[in-house]
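Read through the structure below, which is laid out as structure tokens, and then see the notes.
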Amino acid sequence: MLSAAIFLPIVGAVALLLVPRLDERRTRVVALAISAVPLAVMVVAWVRFDGGEGFQLVESVPWIPTLGVGYKVGLDGVSLPLAAMSALLFVVSMAYPVDLRGRGRQYFAAFLFLEGISLGVFLALDLFLFYVFFDLSLVGMYFLIAVWGHGDAQRSA
Numbered sequence: 027m028l029s030a031a032i033f034l035p036i037v038g039a040v041a042l043l044l045v046p047r048l049d050e051r052r053t054r055v056v057a058l059a060i061s062a063v064p065l066a067v068m069v070v071a072w073v074r075f076d077g078g079e080g081f082q083l084v085e086s087v088p089w090i091p092t093l094g095v096g097y098k099v100g101l102d103g104v105s106l107p108l109a110a111m112s113a114l115l116f117v118v119s120m121a122y123p124v125d126l127r128g129r130g131r132q133y134f135a136a137f138l139f140l141e142g143i144s145l146g147v148f149l150a151l152d153l154f155l156f157y158v159f160f161d162l163s164l165v166g167m168y169f170l171i172a173v174w175g176h177g178d179a180q181r182s183a
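In my numbering, the protein residues as written are 27 to 183.
Right, here's the structure in full:
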């Protein structure tokens, strides 16, 4: 369930880039629909969260077993509100009109990519996985700021 919240926006970002040209309005609607799924997952996770000790809704897959590294995500009382708030803010931010400079598909793809990666940061239970998600979030932020930022955006990025 949590993996869907992480990877659906990333897959949606790739799909937006591969789809033939859509007008800006349709692109925004598709991106909002994709972005709403992680929010729905977080709402369901919040309802199912029992407030007990330890991590809940844990998903674990060995990744690099020789180093003890694995894909392990889950929720606790700290990560749940952060992930839920992040999912909500991405939906609201995506609905906010900005000057897309004729690059709507790229903007929404970058935004969806950053949403999935940000959720990965909050849900990661493995330090190496956290590091990967965190570094990828810097890449996503760089492109959003450099291309669609205001003022001297490239210098700010």
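Ideal placement from N, C-alpha and C gives every residue a C-beta, glycine not left out.
In this structure, residue 163 lies away from residue 99, with their beta-carbon atoms at least 8 angstroms apart. Residue 97 sits in a strand when the DSSP states are folded into three classes. Distance from the CA of residue 138 to the CA of residue 46, rounded to the nearest whole angstrom, comes to 18 angstroms.
Listed in chain order, the alpha helix (DSSP H) runs fully inside the stretch 47-107 are 50-74, counting runs of at least 4 residues.
In the DSSP assignment, residue 150 is bridged to 99. Closest in C-alpha terms to residue 130, from the list 43, 27, 34 and 37, comes 43.
Residue 161 carries a helical assignment under DSSP once its states are collapsed to helix, strand and coil. Judged by DSSP in its simplified three-state form, residue 35 adopts helix.
Pairing residue 112 with residue 70, the inter-Cα distance amounts to about 15 angstroms.
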